[in-house]
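Participant: Protein sequences, first through last, are from chains A and B. Residue numbers for the first sequence follow our numbering, so the first one is 5 and each next one is one higher. Residue numbers for the second sequence follow our numbering, so the first one is 455 and each next one is one higher. Glycine included, every Cβ here is placed at the ideal spot set by N, Cα and C. Provided herewith is a single structure, encoded as structure tokens, for subsequent inquiry.
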Amino acid sequence: MDQHIDIDWTSCQGHGLCAELLPEHITLDEWGYPLVDGRPIPPRTRKRARRAVADCPVLAVKLREDRAPR
Amino acid sequence: MTALFTDVYMPPRLLAPGGTPADLTTHEQRYGPLAYGDPAALLRTLAESGLTGRGGAGFPAYRKFVAVTDAARRTERAPIVVANGAESEPASQKDKTLLRLSPHLVLDGLQLAAAATGAAEAYLAVEDGASYLQSAIAQRRDPVRVQVVRLPARFLSGQAAALVQYLSGGQARPTHPTPPVRERGVRRAPTLVQNVETLAHLALTARYGAEWFRSAGTPAEPGSALCTLHVPGREVRVVEAPFGMRIGRLLPLEGASAALVGGYHGTWIPAAEAARVPLSSAYLGAGVLAALPADRCGLTETARVLRYLALQSAGQCGPCLNGLPRMATAFQTLATPGPQGTARTDISRWAGLVEGRGACHHPDGTIRLVRSALTTFASEVDAHAQGHCTATDRTPLLPVPTEEI
């Protein structure tokens, strides 16, 4: 099953750690909020993705396992 | 005051004839008593009817009902049903009108929804008219008790997740959409939120059957919808019209340059094109249709609405919080004849940054309005850049609540 990065926009405060940990999937917009590329997370990147989830100061990064993006 | 011409476009289904509110006796004489039948048969009728939500999203009602009953079975929790009469959109009058004229149709639908999903708790959420509805409820002997709740008058109060938050004791603000309210809603119970008009259609469909419901509208989009019509110089009207009817038949567009279809999260369409567009849930939103006369400025109207929408952001999601006020300010620049600087490209870029990046659809709906305005009023943007506006009448047209200072 594919894993995708999902942002809880009501929690995200634009700390930007996720973009540092997963630069190939997450960049920051002009206000500092994450721009997620939407591609599935390949197996070799999953460990770092889990860290991005755990390290977000407000726990706004989610790993979503599913078939279709929201 | 909202004028009523209930039988102009089709025999009235939902709105009590003559514009006189129907009390319980009149209601029962008109439609006959409510028969519950068994829940499975009711769900089947709902599926066959093809009824979709009338709150703006147009989601098939049957699929929502099934999702709620499935979640209830899975979690072993009794679901909760909510009739959504918030109608927070300033230009929309149809839910208020329906609740005033035909409260018992909505209450019938709410009881049917409770019966079909096995709910033991029901809410009716409104911004005003709570005491009127409470006395309507007191006349009835319903199996499931209905609590009327007054919502704060904000644009997003009627958003399903915000409504659920409020009913759970929190603030009326949208939440992260996973898990959805149909799985975890009011006090974490699976929750069915349906617009009041959807429930009124259900009340009639349960009585007369799916075939009857489908006798209006088109095979792909059966049934009818309540619409709020804004025609300059006339009273705001609420009418019922079948899907598939051309907008030009509903909304007089002579002397108009454009029509706003679907309200403040809707689409500006040039008048000639709008006249031919059939009524469809794809862009009808909650049913607001407004004609823009050729002597008014569509950019000025959009700028005013956009400022209102930016102020109505719940301020929770970064892209919406940052993008909407900036877009509103830049749009005001476009609405003012004179140099525009980078306003046009800024708006396009910010629209892209805001799209799909929020907990609710407020940013998406807002940029739909913005993008359609930039397309439909493109030549007016050019005229403004040259320092002149083609409009001669600057009186504000679309209703926007006065700002609290």
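Please classify A72 of chain A: is it buried, with 16 or more other beta-carbons within 10 angstroms of its beta-carbon, or exposed?
Facilitator: Any answer about A72 of chain A is weak, because its pLDDT of 49 lies below 50 and its placement is not dependable; what the coordinates show is given next. With fewer than 16 other Cβ atoms within 10 Å, it is exposed.
Participant: Return the first residue and the last residue of the alpha helix (DSSP H) that I821 of chain B is part of.
Facilitator: DSSP places I821 of chain B inside the alpha helix (DSSP H), whose first and last residues are H816 to T830.
Participant: In this structure, does DSSP put Y577 of chain B in helix, strand or coil?
Facilitator: strand
Participant: Rounded to the nearest angstrom, what separates M455 of chain B and Q588 of chain B at their Cα positions?
Facilitator: Interpretation of M455 of chain B is limited by its pLDDT of 45, a score under 50 that renders its predicted location unreliable; no figure is taken from the coordinates.
Participant: In the DSSP assignment, find the alpha helix (DSSP H) that holds C22 of chain A and state where it starts and stops.
Facilitator: L21 to L25
Participant: With a 10 Å radius around its C-beta and 16 neighbouring C-beta atoms as the bar for buried, classify M699 of chain B as buried or exposed.
Facilitator: buried
Participant: Are there 16 or more other CB atoms within 10 angstroms of the CB of L505 of chain B, so buried, or fewer, so exposed?
Facilitator: Taking all protein chains shown into account, L505 of chain B has 16 or more neighbouring C-beta atoms within 10 Å of its C-beta and is therefore buried.
Participant: For chain B, check one thing: does any of its Cβ atoms lie closer than 7 Å to the Cβ of C22 of chain A?
Facilitator: no
Participant: Would you tell me roughly how many angstroms separate the C-alpha atoms of L646 of chain B and R848 of chain B, rounded to the nearest one?
Facilitator: 44 Å
Participant: Taking just the CA atoms, how far does L656 of chain B sit from L500 of chain B?
Facilitator: Approximately 7 Å between the Cα atoms of the pair.
Participant: Using the beta-carbon of each residue, which ones in chain B are nearer than 7 Å to D6 of chain A?
Facilitator: Within chain B, not a single residue places a beta-carbon under 7 Å from that of D6 of chain A; the smallest gap is close to 16 Å.
Participant: Counting along the chain, where does the alpha helix (DSSP H) carrying T659 of chain B start and finish?
Facilitator: Looking at the DSSP string, the run of the alpha helix (DSSP H) that includes T659 of chain B is V650 to Y662.
Participant: Tell me whether the region 828-847 of chain B and the region 788-804 of chain B touch, counting them as touching only if at least three CB pairs, one residue from each stretch, are closer than 8 Å.
Facilitator: Yes, since at least three Cβ pairs between the region 828-847 of chain B and the region 788-804 of chain B fall closer than 8 Å, the two stretches touch.
Participant: Quick one, which residues of the region 806-823 of chain B are near chain A if we go by CB-CB under 7 Å, in chain order?
Facilitator: L807, R811, G812 and A813
Participant: For G612 of chain B, would you say it is in contact with chain A, using Cβ-to-Cβ distances shorter than 7 Å as the test?
Facilitator: no
Participant: Hey, how far is the Cα of R74 of chain A from the Cα of Q547 of chain B?
Facilitator: Confidence is the limiting factor: at R74 of chain A the pLDDT is only 42, short of 50, which leaves the residue's position unreliable and the question unanswerable from this model.
Participant: Apply the 10 Å Cβ neighbour rule to T460 of chain B and answer buried if 16 or more other Cβ atoms are within range, or exposed otherwise.
Facilitator: The predicted model places T460 of chain B with a pLDDT of 46, which falls under 50 and marks its position as unreliable; any figure quoted below should be read in that light. A buried status is given to T460 of chain B, since no fewer than 16 other beta-carbon atoms sit within 10 Å of its beta-carbon.
Participant: Step through the CB atoms of chain B and report whether any lies within less than 7 Å of the CB of T14 of chain A.
Facilitator: yes
Participant: So which residues of chain A does Q770 of chain B contact, with C-beta pairs closer than 8 Å?
Facilitator: W13 and T14
Participant: When DSSP labels each residue in this structure, what does V40 of chain A get in the three-state scheme?
Facilitator: strand
Participant: Taking all protein chains shown into account, do 16 or more other C-beta atoms lie within 10 angstroms of the C-beta of A726 of chain B, making it buried, or fewer, making it exposed?
Facilitator: exposed
Participant: Round the Cβ separation of A568 of chain B and A643 of chain B to the nearest angstrom and send it over; I've been treating them as touching at under 8 Å.
Facilitator: Contact between A568 of chain B and A643 of chain B does not hold, since the beta-carbon distance rounds to 13 Å and is not under 8 Å.
Participant: Suppose you measure from the CA of T672 of chain B to the CA of F697 of chain B; what does that come to, to the nearest Å?
Facilitator: 6 Å
Participant: Could you list which residues in chain A have their beta carbon closer than 8 Å to that of H630 of chain B, in chain order?
Facilitator: D12, W13, T14 and S15
Participant: Between R68 of chain A and the rest of its own chain, which residues show a CB-CB distance below 6 Å, the 5 nearest in sequence each way excluded?
Facilitator: The residues are H8 and D10.
Participant: Output the boundary residues of the alpha helix (DSSP H) element that contains P696 of chain B.
Facilitator: No alpha helix (DSSP H) contains P696 of chain B, which is instead part of the beta strand (DSSP E) from R691 to P696.
Participant: Could you check what DSSP says for S735 of chain B in three-state terms: helix, strand or coil?
Facilitator: helix
Participant: Whether or not the region 610-629 of chain B and the region 804-821 of chain B are in contact is what I'm after, with contact meaning three or more pairs of Cβ atoms, one per stretch, closer than 8 Å; do they touch?
Facilitator: When Cβ pairs closer than 8 Å are counted between the two stretches, the region 804-821 of chain B is seen to touch the region 610-629 of chain B, the count reaching three or more.
Participant: On the premise that A748 of chain B lies in contact with S711 of chain B, defined as a C-beta separation below 8 Å, what is that separation, rounded to the nearest angstrom?
Facilitator: 4 Å
Participant: I'd like to know whether the C-beta of N649 of chain B is nearer than 7 Å to at least one C-beta of chain A.
Facilitator: No, no contact with chain A.
Participant: Below 8 Å, can you find three or more Cβ-Cβ pairs linking the region 711-720 of chain B to the region 738-755 of chain B?
Facilitator: yes
Participant: With DSSP collapsed to three states, give me the class of Q794 of chain B.
Facilitator: coil
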